[in-house]
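For reference, the structure is listed below as C-alpha cells.
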Amino acid sequence: MRKLSFLILISGLAFGTTFLSCNKDIEGRTENAPALAPANIDLNAGQWVPVLLTSPTEFPVAAPIATNTPEYIAQVNEIKSWQKDLTSQEKAIVKYWSAGAVLRWNEILRELVAKYNLPPYQNADGTYPFPNPSNPLAYPQFPFANPPYAARAYAYVSAAQYDALVAAWHYKKLYNRLAPYKVDNTVNALVPQTDLPSYPSEDAVVAGAAVEMLKLLFPGDQDFIQQKAEEHMRARLIAGANVRSDIDAGESLGKAVAQKFVTRARGDRAGAAAGNQAIWDKLETDCIARGETPWYSLDSPKRPPMLPLFGKVKPFLFDSLTAISLRPGPPPSVNSQQMRDETEEVYQFIKNPTRERIAIVHFWADGVGTYTPPGHWDAIAAEDFIPQRFSEVRWARNMALLNMALMDAAIVCWETKYYYFNPRPTQLKPEIKTLTGIPNFPAYISGHSTFSGAAATILSHLTPNRASAYDAMAKEASLSRIYGGIHYRSDCEVGLEVGNNVGQFAVQRAMTDGAG
Amino acid sequence: MKKNKSLYRGLLQGMVAFFITLTASAQTDMDAIMMNRNQFCNGFLYNYSSWDHYWEGTLKRNNENLGTVSSQSVMYMANYGITDDLNIMAGIPYVWTKASAGTLHGLNGIQDLSVFAKWRFLKKNTGKHRLSVFGIAGISTPSSDYVADFLPLSIGLHSTNLMVRGMADYQYKRFTVTGSATYVVRSNITIDRSSYYDTELRLTNEVNMPNAAQYQLRTGYRGRYLLAEAHITNWTTLGGFDITRNNMPFPSNRMNATQVGASFKYTLKSHTNLSFLAGGQYTIAGRNMGQSLALNGGAFYAFYFGKQKPKK
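Written as C-alpha cells, this is what we have:
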C-alpha cells in the first residue's frame, strides 16, 4: 500500500507539473494582426467627399522640405540612430502600430468606452449624480459612456479621421515626398514598403485627430491618450516609415481637422441630452394623456431615464427632420391582446432559459462595463477589414460610414423611445427575471436591433461577401434581447427595420463619396 | 468500537470560495480525520449561503438591485479508505442561486466535480500527544457547461483547479489543533462574450484566472461520537483586479475572504454506520466577495468492504 501511495503521489505531481507549466497568457484576436500592406494605396483619395470639410485644402499644409536638404538628412539620421539599437519594447510598438492606425485608435476608443461605461451610484437621498465634463475626475467620472454616448464618440472620431486623411491624401499626391526608406536605402523599412508618399504622415494624421477629439470625449484620460499618440508616432519613426517632418505635418493637420468636428460636437445638442426633472415628468404625463402606461425605471432607487433628449442630437447622414420621419409607428398598446401575447412570449423564454439562449444573450449583451453594441459592431467590422488590406484612408472611410450609421441609428432609436415611452416587459409582468441588466430607458424600439440593422446594412455594402453573415448576426443580436427578457418582439423587429433604413443612408453616401 | 472512531471521517469540500461564498465546512479534505482501509462513506450535504452586503473592491456596500443574494446546494460526497493512511474522496454539488431584489434571473446547475487524495505520511504518538502530517492533492473541474460570467448569480467560476495542501494535526487527549495551507492552480476559462474589460480591453473570450491560496486553522474536541471544531479560513486570490465603482463582478476579480465557523459531527451510538453533520461559517473580512453567512447540514452512511485490518 505504501507503493500505491507513492504511485498516486508521483502521478499527482506529474499531472500538477503539466498543469502548472500550461501557458496561461491570453492573446487578443488582433494582438498579432499582420502589418498593414494596403492592396491599393488609393492615391486619388484626396478627391473623395469629406464629411465636414468644404474642401481637402481647407486646412493648408505647407510644402515639405526637400529630401536633399541638411535638415531632411538630419531627420533621416534620427531614424538611423533609433534603428541602430532597437530594444524589444521598441520592436513591440512597431509591430503593434503597424497593424493600422485607424484600427488601433478604434481599439483604444473601445477601451475607453468600456472603462467609462458605468452608471453612477446614487446619492444618499436616492437621487443620482451626473458626471460633469468640466470636472471629469470627480465621481461620477465623466463621461458615462453609455450606448448613445459611445455611438456618438465612435462617429466623431472616425469621421474626423476620415476627413483629415482625405486632406492628407490630397497633399501626399500634391507634394509626392517619398518615404525615408525610399530616399535613403540604408534606412530599414520595419513595416511593409509602400509607394504612397509619406508627407504628411497618415499615422500622425489619425493620431492627431484622435487626440483632439478625445480631449472633448474622454477628458479624464488625457495622459493615457497622449502617451498612446506619442508611442504611435515614435513607432513610425523607428520603423523608418516617416521622418519627423512627416509626423509633425500630419499631427497638425489631424488636430486642425478634428477641431472642426469638436466645434460641431459642442453644438450638436448632445450636451443637453440628459434633460431635467421637468422634462422627465413631462414624458410620463404625455404618455398617460395618450391613454398609455408610461415607462418607469426598474433600477432601485429609480434612476432618471438615460439621455431622453438624445433624439434631438444632430445626425451626420441626414437632417433632424429626416430623423423624425424615420420614427416608426407606435408599439402595440399596453392594453392590447398583442402586447399581452408578446409579454407572454418573453415570459416563456425566460422561465426556463436554455444554455444556448443564455450564451446568445451574453454574447450580444454589451452592457455595463463593455464597449456597447456600437463598439461590438466596430469590433466585428475591424476584424473583417484586417484581411481586406485597406489603405488607411479607406479604413477610415469605412469606419466613418459604419459609425455615422450607428450614431444616427442611436438618434432615431432614442427619438422613438422617448416619443412612445413604453414600458419594459418586467414592468408589465414582474415575474419576468432577466438574463442581463435591464437598460434604463423605454423599450420601443430595441437599441440593439436598431444598431445591428444599421451596421449590417452598411457592412453588407462594404463587404458584400459577408452580407448573409451580417444579416444573421443582426437578427441574432436582436433576438437576444427577447431571450434575455428585456424586449418584446415588436421592439426588435421594428428596431431592425428602422436600423436598416438608417443604414441605407450610409450606403447612399458610400455610393457617392468617390471611393467606389 | 475502535473502528467506529474513524468512521465517516474525511468527507470533502468541493466548492472553492468565490463571489457567492460557498465554502462547505463539513468533515472534509480540510480536516485531519482519516477513514480506515476498505471503509466507504457517502452522503449528502445541504448548504445555504446568503449575503446582502459585499465588498466592491475594498468598499463594503449593499445593492438594492440585488437585495439578498442566496445560493443553495446539495452535494453528494464519498470517501474511501484505500489504506488507513490514504483516502480518496469525491464530491459533486447541484447549486441554485437567487437574488431577492432587482430583476436578475437566478441560475442553477451541476457545478464542479472534485476528487482528492489525502495521504497521512507521518504519525508520531508519544503518550497522550499525537502528531500527524498530511499531503493532500485534489482536482476540481466543471461537470456542466454552466455560466461563469453572470456574477453574483453564477453557480461557479468554471475553472479547473488543482489543489496541493500540506496539513499538520496535533492531538492531546480529545483536544485537537489542525493547520493547513493550500495552493490552488486555476485554469483559464472561456466566457460567452467575445471581449471584456478587466484593467484593459481584452479582445478574446478567454479569461486568465489568477491562482489562489487557502489557509485554515481548526481546533476543538474529537470524541468517539462527537466532533466539534471551530475554524478560521482565509482564501486569497493571488492576482486579479478589483470591481470598479458600481460595476459588475467578474470571474477574475481579486476575491479574498476570511471566514470563521464551526463544524459538528455526531455518530449514532446505536447505529454507528450513520452520522450527521452540521456547520456554519461567517465572512468577517473580504474583497470582491459577498459577506456571507453559510449554514449546512447532512447525513452520511458508511459501508465496510473486505476484511477489516486487524486492530492493534
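Here the protein sequences line up with chains B and L, keeping their order. Note that this note's numbering has the first sequence beginning at 49, numbered continuously upward. Note that this note's numbering has the second sequence beginning at 57, numbered continuously upward. All residues carry an ideal CB built from backbone N, CA and C; glycine is no exception.
Can you name the residues that DSSP bridges to residue i?
i        : result
L:Phe320 : L:Ala284 and L:Ala334
L:Ala146 : L:Ala134 and L:Val171
B:Lys72  : Paired residue(s): none; B:Lys72 is not in a bridge.
L:Tyr226 : L:Leu187 and L:Val233
L:Ile211 : According to DSSP, which records beta bridges pairwise, L:Ile211 is partnered with nothing at all.
L:Phe359 : L:Phe96
L:Arg258 : L:Tyr252
Please report the straight-line C-alpha distance between residue i and residue j, rounded to a whole angstrom.
i        : j        : result
B:Ala289 : B:Ile89  : 15 Å
L:Asn302 : B:Pro167 : 7 Å
L:Lys325 : L:Ser188 : 27 Å
L:Thr197 : L:Ala173 : 15 Å
B:Gln270 : B:Leu264 : 10 Å
B:Ala306 : L:Asp201 : 48 Å
B:Ile408 : B:Ile530 : 11 Å
B:Val555 : B:His509 : 7 Å
B:Met447 : B:Trp153 : 11 Å
B:Ser246 : B:His496 : 40 Å
L:Thr292 : B:Gln189 : 30 Å
B:Leu185 : B:Tyr164 : 11 Å
L:Gln83  : L:Ile192 : Residue confidence is low: L:Gln83 scores 46 on pLDDT, short of 50, so the model does not pin down where it sits. No coordinate-derived value is stated.
B:Gln274 : B:Val259 : 7 Å
B:Gly562 : B:Tyr144 : 31 Å
B:Leu476 : L:Ser126 : 26 Å
B:Thr464 : B:Asp334 : 14 Å
B:Gln396 : L:Glu120 : 26 Å
B:Ala237 : B:Val142 : 11 Å
B:Thr102 : B:Leu301 : 15 Å
B:Thr117 : B:Ala215 : 26 Å
B:Leu134 : B:Val239 : 14 Å
B:Pro378 : L:Ala269 : 57 Å
L:Gly99  : L:Gly354 : 7 Å
B:Leu151 : B:Gln137 : 20 Å
L:Tyr110 : B:Asp347 : 19 Å
B:Ser206 : B:Asn92  : 20 Å
B:Gln170 : B:Pro435 : 46 Å
B:Val124 : B:Gly417 : 44 Å
Around the Cβ of residue i, are there at least 16 other Cβ atoms within 10 angstroms (buried) or fewer (exposed)?
i        : result
L:Asp205 : buried
L:Lys179 : exposed
B:Met559 : exposed
B:Asp73  : exposed
B:Pro177 : exposed
L:Leu115 : exposed
L:Arg117 : exposed
B:Leu357 : buried
L:Lys321 : buried
L:Phe359 : exposed
L:Gln337 : buried
B:Arg314 : exposed
B:Lys330 : exposed
L:Phe231 : exposed
L:His327 : exposed
B:Pro248 : buried
Could you spell out where the beta strand (DSSP E) holding residue i opens and where it closes?
i        : result
L:Ala237 : Phe231 to Arg242
L:Pro198 : His185 to Pro198
L:Lys116 : Leu115 to Asn118
B:Tyr536 : No beta strand (DSSP E) holds B:Tyr536; DSSP gives it neither H nor E.
What distance in whole Å lies between the Cβ atoms of residue j and residue i, which are believed to be in contact at a cut-off of 8 Å?
i        : j        : result
B:Ile286 : B:Ile398 : That pair is no contact at about 54 Å.
L:His185 : L:Tyr228 : 6 Å
L:Tyr132 : L:Ile148 : 6 Å
L:Leu257 : B:Glu159 : 4 Å
L:Ser308 : L:Asp254 : 6 Å
Got a sec, what are the start and stop residues for the alpha helix (DSSP H) residue i sits in?
i        : result
B:Glu609 : The structure shown has nothing for residue 609 of chain B, since chain B only spans 49 to 564.
B:Lys230 : Pro228 to Val231
B:Arg284 : Gln270 to Ile286
B:Glu431 : Thr420 to Phe433
B:Asn451 : Glu440 to Tyr468
B:Ala216 : Pro195 to Tyr223
B:Thr391 : Gln385 to Lys399
Check whether the Cβ of residue i lies closer than 6 Å to any heavy atom of the ligand MG, and answer yes or no.
i        : result
L:Ala155 : The model depicted lacks the ligand MG and carries no ligand whatsoever.
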